[in-house]
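Colleague: Structure incoming, see below.
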Amino acid sequence: ILKVGQQVEVVIRAKVNKAIESPALGFILKNRLGQDLFGENTLITRENDTVISAMAGDELKAVFKLVFPMLPSGEYSLMASIADGDSNSNTQHHWLEDAVLLTVLTSKVRHGLVGAFINDVKLSIKEGP
Numbered sequence: 007i008l009k010v011g012q013q014v015e016v017v018i019r020a021k022v023n024k025a026i027e028s029p030a031l032g033f034i035l036k037n038r039l040g041q042d043l044f045g046e047n048t049l050i051t052r053e054n055d056t057v058i059s060a061m062a063g064d065e066l067k068a069v070f071k072l073v074f075p076m077l078p079s080g081e082y083s084l085m086a087s088i089a090d091g092d093s094n095s096n097t098q099h100h101w102l103e104d105a106v107l108l109t110v111l112t113s114k115v116r117h118g119l120v121g122a123f124i125n126d127v128k129l130s131i132k133e134g135p
């Protein structure tokens, strides 16, 4: 059971069947209509074009730590993928739709597809003459 605002980890594991020069693992969370709500991939971890290569038989593991967002009650699915390349040019090797199915039950009021965590809200009034 996940709670709004809870720290969660999305873990993706992949076994490599053939050499991949520049592997990237990622995910996208979709609502019941198939709309992409948010996602991420490991391309953001590359510093100064540092790339790790994977050989056949290697196992890759990506861990994404995030705060679970405010979502309306309903059904959601998580897509996971593995690609080779960078954000400008890549080849998808595997794309797994509905890798994880989630049901969100909430009474938290939010507006829109995803609720934002607002740290502070103030209302002031300046009295007129």
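What the sequence shown shows, in my numbering, is residues 7 to 135, in sequence order. Glycine included, every Cβ here is placed at the ideal spot set by N, Cα and C.
Would you call the region 101 to 112 in contact with the region 72 to 87, where contact means no fewer than 3 C-beta pairs closer than 8 Å?
Modeller: Touching, yes.
Colleague: Can you tell me which of N96, Q13, R38 puts its alpha carbon nearest to the alpha carbon of E103?
Modeller: Selected option, being the one with the closest Cα: R38.
Colleague: Thinking C-alpha only, which one of S87, T112, G63 is nearest L49?
Modeller: Comparing Cα-Cα distances from L49 to each of S87, T112, G63, the minimum goes to S87.
Colleague: Give the list of continuous beta strand (DSSP E) stretches no shorter than 3 residues that lie fully inside the region 32 to 91.
Modeller: Listed in chain order, the complete beta strand (DSSP E) runs (minimum 3 residues) inside the region 32 to 91 are 42 to 47, 65 to 73, 80 to 91.
Colleague: Pull up the CB-CB distance for F70 and E15, whole angstroms please, since I reckon it's below 8 Å.
Modeller: F70 to E15, Cβ: 7 Å. Contact.
Colleague: Check the Cβ-Cβ distances between H117 and every residue of chain C, and say whether any is below 8 Å.
Modeller: Of the protein chains in this structure there is only one, and it is not chain C.
Colleague: If you draw a straight line from the alpha carbon of G32 to that of V22, how long is it in whole angstroms?
Modeller: Taking the straight line from one Cα to the other gives about 15 Å.
Colleague: Any idea what DSSP makes of G121, helix, strand or coil?
Modeller: G121 falls in the strand class under three-state DSSP.
Colleague: According to DSSP, is E27 helix, strand or coil?
Modeller: Coil at E27, not helix or strand.
Colleague: Under three-state DSSP, which class holds T21?
Modeller: Before going further, note that residue 21 is Lys rather than Thr in the sequence given. K21 falls in the strand class under three-state DSSP.
Colleague: If you check the beta carbons only, do F74 and V17 fall under 8 Å apart?
Modeller: No.
Colleague: Cα separation between S59 and Q13?
Modeller: Approximately 30 Å, taken between the alpha carbons.
Colleague: Sort out for me which residues DSSP pairs V110 with in a bridge.
Modeller: G80, per the DSSP bridge assignment.
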